[in-house]
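A.B. asks:
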Amino acid sequence: MADYNEKILDIHDLDITFNTTAGPVHAIRGVDIDLMKGETVAIVGESGSGKSVTMKAAMGILASNAAVNKGTIEFTYHHADGTQETVDILEKDKKWIRRHINGKRIAMVFQDPMTSLDPTMTIGKQLIEGMVWHFKTPKKEAWEKAIQLLKEVGITDAEKRMKNYPHQLSGGMRQRVVIAIALACNPDLLICDEPTTALDVTIQAKIIELIKRVQKERGISVIYITHDLGVVAKVADYVNVMYAGKIVEKGKINEIFYDPRHPYTWGLLSAMPDLNTEDERLYTIPGSPPNLLREKTGDAFAPRNQFALEIDDKLEPPMFKITETHEAATWLLDPRAPKVEMPEELKARIERMKKEAEGYEES
Amino acid sequence: MVKYILKRLGMAVVTIWLVATLTFFLMNMVPGGPFLSEKAVSPKALAALEEKYGLDKPLFEQYLTYIKGAIHGDFGDSLKQRGRTVMSIISSKFPVSARIGGLSVLLAFSLGVPLGCISALNRGKIGDNIIIVIATCGIAVPSFVICTLLMYTFGVKLGWLPTLGLKTWKHYIMPVAALAFYPTAYITRLMRSSMLDVLGQDYMRTARAKGLNQFVSLFKHALRNAILPIVTYLGPLIAYTVTGSFIVEKIFTIPGLGGEFISSITNRDYTIIMGTTIFLATLVILMNVVVDIVYKLVDPRINLK
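These protein sequence lines are chains H and C, in that order.
In terms of the numbering used here, the first sequence opens at residue 51 and continues consecutively.
In terms of the numbering used here, the second sequence opens at residue 277 and continues consecutively.
In structure tokens:
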């Protein structure tokens, strides 16, 4: 079993600005994420909250107009001889990252399997490419390994599939292939960027199960980037809720789902479609995410927050510790703040979720 | 695939027949005839000439005679170039044009594709701007200007290259360059936009995430996907270029097929008009079939049915 005490990724105070024609966009404003070996961390947030940008920074594939203002991304890996090395990815140049990190130690599974495979190359060639490139594996050996990988991700007829082109496979199959490609070089860390968003629901569950199984068997760490709280609930050990380039609440899965503290997390949980909600209309968080072109004082979420305090417009809230693992950035947690409870409806929903979860465990 | 090709060839025969029929009647609708000229020809001589070539018969009968001959591979004699058959004119002049045309297509392809790639990879930078300016000029400047400029610079001023005829390899340089100018510019622009499109695709991001080096991902992933529009363009381009260019052949005095197209029309040399038109149509159709087959080889998603 994996050694859980070893920190594999440590993103500290990451701050990124994009220089666009309209002006600088402050996309990431001080993000901290820790990841232990063998753990799964989910990063949740609306589109444009900076989830993907953070992970692209970790892979060194940021767009060329991005500037990292400060922060570190420390990644720890083992050499073939077992010696451990920690590097700050932000200090390395792209060439080094490509050679030593991308695909080899950190691999990525992308959102849309329909477009993330090269349509003019056979599955087999795309699978062995990474191995041949990084480890100089002989083609034949790589081919055998690739067949094993396809079997591992649950593709039947693996030998035959190797010679197929992506368009001959269904969406779910292709996502399995994308996962197999990501696993080809035995990475320590797998980043899944919305891995199930483009798939239909029945396949979604299977792909999630697959990623979970692979993670268990290989003892690798996984980062999920998603806006689907349903997925988060199934896979994550820890959850980071991101809003406007900042992490506003982080904690263990149960802490986020059963004891959320940040009004934004309340909003996200309330906005989850659910069969038992009495209200006929699906809840949405009012307003839209802020335009990061304009710097704003205070809490970025304040304009959309029905529980906002006066101070929210003036000063950005720090992270308040709730438990050893649970933190949230909202002034509501300040001892001087008025006591605000989460909305009644959400409370009822969380109760239901708890009951359902118990039901699962019993059955 | 074999079935597809046979089907396409069957369609080609019909198309060529249509082209031949249309050309035949349109050509005869134009007033005048091959034996009319400024010099007064005696009505008797005219009648004798017309009888010799069968031009005195009703038009439809002429048409039937022509088609019958054409099916048997007989395209008739030239009306103006005494003693030469259409076949012999095409087969003696086509190789000349084909050599120059073939070389210039080759040049255009091997220059245009890399230039387009370089331009796309350096998008917005100085190299891209230079290439785009030159390519735009190449499309905008007509070929007679380019021919004249080349001739003036390298033939007259510098005296490096011969300006007339096709005796040595040196004679080929200027006509090939002049003929390749436009397609090179066109392919460069086409390749640039197609490459930019491909570079933004998700599978290129996948290649980057795999850690592949830029050149590997360019050659193995991007090029093959980006080349399709070029293949499309290449088919008709080859057909039109190997049959010669009137302007380039005139300026460099090359005895090619390109001049024959134009002069046969002004001469009302009916059989040559028919012969060259059918020849060009056949080539265009054949090249399109070849393009379809190449498509299938480049992109496995394309299904030939």
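Backbone N, C-alpha and C fix where the C-beta goes; we use that ideal spot for every residue, glycine too.
None of the values given here were measured: they were computed from a predicted structure.
At a CB distance below 8 Å, what residues from the segment 492-510 of chain C approach chain H? Give them in sequence order.
C.D. replies: Listed in sequence order: VAL492, LYS496, HIS497, ARG500 and ASN501.
A.B. asks: Going along the chain, which unbroken runs of the alpha helix (DSSP H) with 4 or more residues stay wholly within the segment 414-455 of chain C?
C.D. replies: With a minimum length of 4 residues, the unbroken runs of alpha helix (DSSP H) contained wholly in the segment 414-455 of chain C fall at 419-426.
A.B. asks: For the beta strand (DSSP E) containing GLY301/H, name the first residue and the last one.
C.D. replies: 296-302
A.B. asks: I want to verify the contact list: residues of chain C whose CB lies under 8 Å from the CB of TYR215/H, in sequence order.
C.D. replies: Those within 8 Å of TYR215/H in chain C are PRO576 and ARG577.
A.B. asks: Please list, in chain order, the chain H residues whose beta carbon lies closer than 9 Å to that of ARG620/C.
C.D. replies: The structure shown has nothing for residue 620/C, since chain C only spans 277 to 581.
A.B. asks: For GLN477/C, would you say it is in contact with chain H, using Cβ-to-Cβ distances shorter than 9 Å as the test?
C.D. replies: yes
A.B. asks: List, from N- to C-terminal side, the beta strand (DSSP E) runs of 3 residues or more that fit wholly inside the segment 95-163 of chain H.
C.D. replies: 116-128, 134-138 and 156-159
A.B. asks: Comparing C-alpha positions only, which one of ILE554/C, VAL278/C, SER521/C and SER539/C sits nearest to GLY349/C?
C.D. replies: Among ILE554/C, VAL278/C, SER521/C and SER539/C, the Cα nearest to that of GLY349/C is on ILE554/C.
A.B. asks: Distance cutoff 9 Å, beta carbons only. Does LEU167/H sit that close to anything in chain C?
C.D. replies: yes
A.B. asks: To the nearest whole angstrom, what separates the beta carbons of ALA196/H and ILE178/H, a pair I think is in contact under 8 Å?
C.D. replies: 5 Å
A.B. asks: For ASN489/C, which option in GLU299/H, LEU319/H, TRP183/H and ILE78/H has the closest C-alpha, if you only look at C-alpha atoms?
C.D. replies: TRP183/H
A.B. asks: Just how far apart, CA to CA, sit LEU240/H and PRO418/C?
C.D. replies: 56 Å
A.B. asks: Taking any Cβ of chain C, which residues in the segment 183-212 of chain H have a Cβ under 9 Å from it, in chain order?
C.D. replies: TRP183 and HIS184
A.B. asks: Alpha carbon to alpha carbon, how far is ALA379/H from ILE147/H?
C.D. replies: 33 Å
A.B. asks: Interface residues of chain H around LEU488/C at Cβ under 8 Å?
C.D. replies: Among the residues of chain H, those whose CB is under 8 Å from the CB of LEU488/C are ARG148, GLY153, GLU179, GLY180 and TRP183, following chain order.
A.B. asks: Quick check: is the beta carbon of THR482/C nearer than 9 Å to any beta carbon in chain H?
C.D. replies: So yes, THR482/C belongs to the interface.
A.B. asks: Compute the Euclidean distance between the alpha carbons of VAL524/C and LEU437/C, then round it to the nearest angstrom.
C.D. replies: 16 Å
A.B. asks: Against chain H, with Cβ distances strictly below 9 Å, would ALA396/C count as a contact?
C.D. replies: no
A.B. asks: Which residues in chain C have a C-beta closer than 8 Å to the C-beta of MET223/H? List them in chain order.
C.D. replies: Residues of chain C passing the Cβ test: none, with the nearest at roughly 16 Å.
A.B. asks: Considering only their Cβ atoms, is the gap separating THR519/C from GLY441/C smaller than 9 Å?
C.D. replies: no
A.B. asks: Can you tell me whether GLU337/C is buried or exposed? The criterion is at least 16 other CB atoms within 10 Å of its CB, across all chains shown.
C.D. replies: exposed
A.B. asks: Taking its Cβ as the centre, do 16 or more other Cβ atoms sit within 10 Å of THR373/H, making it buried, or is it exposed?
C.D. replies: With fewer than 16 other Cβ atoms within 10 Å, it is exposed.
A.B. asks: Quick one: is ALA485/C near chain H, going by C-beta distance under 9 Å?
C.D. replies: yes
A.B. asks: To the nearest angstrom, how far is it from the Cα of TYR274/H to the Cα of GLN176/H?
C.D. replies: 23 Å
A.B. asks: Rounded to whole angstroms, what's the CA-CA distance from ASN579/C to ARG284/C? Just pull it up for me.
C.D. replies: 14 Å
A.B. asks: Is VAL228/H close to chain C? Criterion is C-beta to C-beta, closer than 9 Å.
C.D. replies: yes
A.B. asks: Can you look up HIS184/H in the DSSP assignment and give me helix, strand or coil?
C.D. replies: helix
A.B. asks: Could you work out which residues of chain C lie near MET158/H, taking near to mean beta carbons separated by less than 7 Å?
C.D. replies: Under the 7 Å cutoff, chain C gives ALA485.
A.B. asks: What's the C-alpha gap between MET51/H and GLU202/H?
C.D. replies: Since pLDDT at MET51/H reaches only 38, below the 50 mark, its modelled position is unreliable, and the value read off the structure follows with that caveat. Cα to Cα, the separation comes out at about 19 Å.
A.B. asks: Please report whether the beta-carbon of THR31/H lies at a distance below 9 Å from any beta-carbon of chain C.
C.D. replies: Nothing in the structure corresponds to residue 31/H, since chain H is present only between 51 and 413.
A.B. asks: At 9 Å on the CB atoms, spell out the chain C contacts of ASP162/H, in chain order.
C.D. replies: ASP478
A.B. asks: Buried or exposed, going by whether 16 or more other CB atoms sit within 10 Å of the CB of THR198/H?
C.D. replies: The question names Thr, but residue 198/H is Gln in the sequence shown. So GLN198/H ends up on the exposed side.
A.B. asks: According to the neighbour-count rule (16 or more other Cβ atoms, all chains shown, within 10 Å of its Cβ), is ASP138/H buried or exposed?
C.D. replies: Flag for ASP138/H reads exposed.
A.B. asks: Please name the residue or residues paired with ASP65/H in a DSSP beta bridge.
C.D. replies: ARG79/H and LYS120/H
A.B. asks: What does the Cβ neighbour count give for ILE61/H, buried or exposed, with the cut at 16 atoms within 10 Å?
C.D. replies: buried
A.B. asks: Assuming ALA350/H and ASP363/H are in contact, meaning their beta carbons sit under 8 Å apart, how far apart are those beta carbons, in whole angstroms?
C.D. replies: Contact doesn't hold; Cβ gap of about 11 Å is too wide.
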